[in-house]
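Here the sequence shown is numbered in this note's numbering, starting from -12 and rising by one per residue.
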Amino acid sequence: CMKTRMIVMLSIGMMMLHARAFAASAPEQMLEKIHWFGQATVKIEMGEKSLYVDPLQLEKDDPADFILITHVHDDHCSPNDIRKVMKDSTVFFAPKDVAAKLQEQFPQATIIAVAPGATQQQDGLTIEAVPAYNVTKTQFHPKANNWVGYLLTIDGVKIYHFGDTERIPEMKNIVCGIALLPLGQKY
-12 CMKTRMIVML SIGMMMLHAR AFAASAPEQM LEKIHWFGQA TVKIEMGEKS LYVDPLQLEK
48 DDPADFILIT HVHDDHCSPN DIRKVMKDST VFFAPKDVAA KLQEQFPQAT IIAVAPGATQ
108 QQDGLTIEAV PAYNVTKTQF HPKANNWVGY LLTIDGVKIY HFGDTERIPE MKNIVCGIAL
168 LPLGQKY
């Protein structure tokens, strides 16, 4: 029986190692599906579906299933670029002030207003809105506006798009496999 226990323990150990190896490679595989277009604009492919975060300065039309907007500033919420990636069935996620602006611009669109802490699930995608604000340059991105970054879960991989933010205390509680960071620009 000792030999049987050893074989069972080895089998369990091998399964655990295999699971760890699979988990470790999942973010690397996901990286191939993430495309950066400059500024905060990111496209993520999800099998037959795709999403954009903060589409800006896009050169061609590329209809997406989901569009996520982090805040109302023109370099993150560009109606001209949104038109290039939206289709009739596109679902938007945006903070309340942005959702209102989008509803005026695109009255037929499905727009889900989010606030920090809100979580939505759509077609195998989990979208959690997380806080995004400034702690030193507060006039640009005040906490009171409830603007957001997004913690996305796609194929078991957590991807954190920070939005327009500085290092904030809430980040201590966010765990992700891929982080898409702002790089200390003017705002």
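Just so you know, even glycine gets a beta-carbon here, dropped at the ideal spot from N, CA and C.
Its chain contains PRO66 as the residues whose beta carbon lies nearer than 7 Å to that of GLN92, once the 5 sequence neighbours on both sides are disregarded; these appear in chain order.
Note: LEU112 is bridge-paired with GLN109, ILE141 in the DSSP secondary-structure output. If you look at LEU167, you'll find it in the beta strand (DSSP E) that goes 165 to 167. Ranked by Cα distance from THR113, the options ASN133, ALA87, THR140, ALA119 are led by THR140. With a 10 Å radius around the Cβ and a threshold of 16 neighbouring Cβ atoms, THR152 comes out buried.
The straight-line gap separating the alpha-carbon atoms of GLY111 and PHE127 is approximately 34 Å. Apart from the 5 residues on each side of it in sequence, PHE53 sits with its Cβ closer than 6 Å to the Cβ of LEU38, VAL78 in its chain, given in chain order. Residue burial is scored here from C-beta neighbours: ASN133 has at least 16 other C-beta atoms within 10 angstroms and is therefore classed as buried. Between GLN26 and ASP62, the alpha-carbon positions lie close to 8 Å from each other.
Per the C-alpha coordinates, the member of ILE98, VAL85, ALA102 positioned closest to GLN109 is ILE98.
Shortest Cα-Cα distance from THR57 to any of VAL72, MET73, ILE69, ALA81 involves ALA81.
When only Cα atoms are considered, GLY164 and PHE149 end up about 13 Å apart. ILE155 sits close to TYR120, with the two beta carbons spaced by under 8 Å.
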